[in-house]
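Going by the numbering used here, the sequence shown opens with residue 103, and the numbers climb by one from there. Glycine included, each C-beta is placed from N, C-alpha and C at the ideal position. Small disclaimer: the values here were computed from a predicted structure and weren't measured. A short write-up of the structure that comes next.
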Amino acid sequence: MTNASLYQQHLDKLDTYLTDAIDRAGRKGVHLDGVLFHAGRERYYHSDDQPIHFRSGPHFMRYVPLHGPEHCVLARPGKRPLVVRVAPRDFWYELTAAPASYWQDAVDYHEVSSLSAVPTITGPLSRVAYVGNSPAAAAELSITDQLVEPEALMAPLAWHRGIKTEHEIELLTVAAQKGAAGHRVARKAFESGASEREIYWAFLEAADLLDQEVSFDPICALDEKISILHYQNKRGRDTAPGKVFMLDAGATHDGYCSDITRTWALDSASKLYRSLLASIDALERDLVGMVTPGRPYLEIHLEAHRRVSLLLAETGLVTTSAEEALETGVTQTFLPHGIGHHLGLQVHDLGGHQESIDGGRLAPPEEHSFLRNTRTLEVGHVVTIEPGIYFCGVLLDELRARPEQKIVDWKLVDELIPCGGVRIEDDVVCTNDGPMDLTRPLIQGPRGL
Ligand code: GLY
Ligand code: MN
Ligand code: MN
């Protein structure tokens, strides 16, 4: 199927979602004829004339992949989306037309030079809700405060964002391809002795990305820095080469994100570490196999902890049985984050804790508070699966101060601290025919495909 026909199918699906969301809002007393999705308003650094890099809002981007502030989509049940691109007459920036793309023929497309001109195209925006980052923009369009992102509308919109259309899976696949191309070259750079900075640049170049086109700031860590879950620095040559390397990075394509982690070790890294790396890679593949419709995502997270407890017992890192290790909660020290999250127009896509289509919150169990997804998997959900094992100073110090410290072989732990840890992450679509791993076929893991 061509991109244009997939996109048309996507819009048809969005129309059913919009109709449902508007009906649900109506049952809660919020009566709407349509929704104005705003790309958003640019913001500036404090006391500065430099804008913070702008990303069009995700609800807007679900309709059209149009980058830049102020653009609008008016969506009304049963009607073609009305897209208004705001292109100021301005001598500071390039004023090119939107490049021809698969989406333009399926929408009613207009250009104006300011947001205030949008109603000349859309007509009066009464009984229209505003979805975007700027209540001030809503006011400029004469949309009342009550209709700025009303909860009764936002809950079903968020819920529906969890189910990706075929068109969205295509865009996620391209984002995966770009991200994987970066990862393949990053691995080679690490193996040839590059620094964190150099590997980061190699990733960007191979993935064909500008800084602002990554899906999040890449986590590019050599050796002990791997233990810092969201390690934000990129060190220079004085800390290279490393023996162990982890890259957690992804690309965007038309707003859709990939989120991939690979960890690699040279043969000179500790044998125990290399065996842990192979085990986490095997564990990750098993967990990917659990991405099936009807399964509470929490089950995958709990299975990861069970398997990490086995690993701790098998390697002698704990001196008790795996069951006892699990009961004491020490797996939380070695795997302190959630097993993954929804992935889409946001790298941590929204709605992971939503209880039902009409809202509510399904919190993760208290001892697993960092789990970002408590929903039950459905066909069309796209999630990451990202188990790991870490030797993180802050968490190990906490454990050393607890009675359970006595079940830990600290000599072995101390041997592993310079290696930081391991994380392996892939992007997986839940389908009726089993999990569809978007990333593993494109970038092998430490034990191959
Ligand atoms: N990079 C953050 C994550 O993998 O969720
Ligand atoms: Mn990641
Ligand atoms: Mn992730």
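Distance cut-off 8 angstroms: residue i Cβ against heavy atoms of ligand 1
| i | result |
| --- | --- |
| F139 | no |
| T476 | no |
| V449 | yes |
| I321 | yes |
| E401 | no |
| H332 | yes |
| F318 | yes |
Residue i versus the options, residue with shortest Cα-Cα distance
| i | options | result |
| --- | --- | --- |
| A323 | S360, T341 and L473 | T341 |
| L120 | Q546, R182 and S107 | R182 |
| H443 | Q434, Q456 and G431 | Q456 |
| I545 | G338, I362 and R191 | I362 |
| G522 | E270, K266, H169 and H332 | H332 |
| L184 | L452, Y165 and T365 | Y165 |
| G180 | K513, I124, E213 and H403 | I124 |
| P201 | L227, D192, K280 and P167 | P167 |
| G454 | G495, A309, R263 and L413 | R263 |
| A415 | A239, S244, L428 and V530 | L428 |
| K336 | T365, E300, A308 and A371 | E300 |
| I402 | R477, A296 and L464 | R477 |
| I330 | I509, R525 and R549 | R525 |
| I519 | K508, F436, D539 and K130 | F436 |
| I509 | A127, L217, G431 and V220 | G431 |
Other residues of its chain near residue i: CB distance less than 6 angstroms, five sequence neighbours each side excluded
| i | result |
| --- | --- |
| E144 | P153, F156 and P171 |
| G344 | L324 and D325 |
| L385 | R409 and P489 |
| D247 | none |
| A367 | V346, R376 and L379 |
| S294 | none |
| D350 | I321 and T363 |
| L413 | S381 |
| H173 | A141, R187 and V188 |
| N534 | V481 |
| M392 | I402 |
| M538 | V531 |
Distance cut-off 8 angstroms: residue i Cβ against heavy atoms of ligand 2
| i | result |
| --- | --- |
| E386 | no |
| I124 | no |
| D350 | yes |
| E527 | yes |
Residue i CB to nearest heavy atom of ligand 3 below 8 angstroms
| i | result |
| --- | --- |
| L445 | yes |
| G442 | yes |
| E488 | yes |
| H455 | no |
| T363 | yes |
Three-state secondary structure (DSSP) of residue i
| i | result |
| --- | --- |
| A371 | coil |
| A177 | strand |
| C532 | coil |
| W261 | helix |
| H444 | strand |
| V449 | coil |
| A288 | helix |
| R157 | coil |
| T476 | coil |
| A351 | strand |
| M392 | coil |
Spatial neighbours of residue i in its chain, beta-carbon cut-off 7 angstroms, leaving aside the 5 residues before and after
| i | result |
| --- | --- |
| M46 | Only positions 103 to 551 of the chain appear in the structure, and residue 46 is not among them; the question remains open. |
| G136 | L176, A177, R178 and V230 |
| V276 | H355 |
| V449 | S317, F318, G352, C359 and D361 |
| V132 | P252, A254 and L255 |
| N235 | G142, R143 and G159 |
| P395 | L479, E480, V481, C532 and N534 |
Cβ-based burial, residue i [other Cβ within 10 Å; buried from 16]
| i | result |
| --- | --- |
| A304 | buried |
| D516 | exposed |
| R502 | exposed |
| Y147 | exposed |
| D114 | exposed |
| G547 | buried |
| A278 | buried |
| H407 | buried |
| E527 | buried |
| Y195 | exposed |
| L473 | buried |
Check: residue i C-beta below 8 angstroms from any heavy atom of ligand 5
| i | result |
| --- | --- |
| E213 | This structure simply doesn't include ligand 5; it includes ligand 1, ligand 2 and ligand 3 instead. |
Contacting residues, own chain, Cβ-Cβ under 8 angstroms from residue i (five flanking each side not counted)
| i | result |
| --- | --- |
| S377 | T417 |
| I265 | E480, V481, G482 and H483 |
| E272 | N105 and L108 |
| A282 | S360, I362, T541, L544 and I545 |
Beta carbon proximity, residue i to chain D, threshold 9 angstroms
| i | result |
| --- | --- |
| N335 | No chain D appears in this structure, which consists of one protein chain only. |
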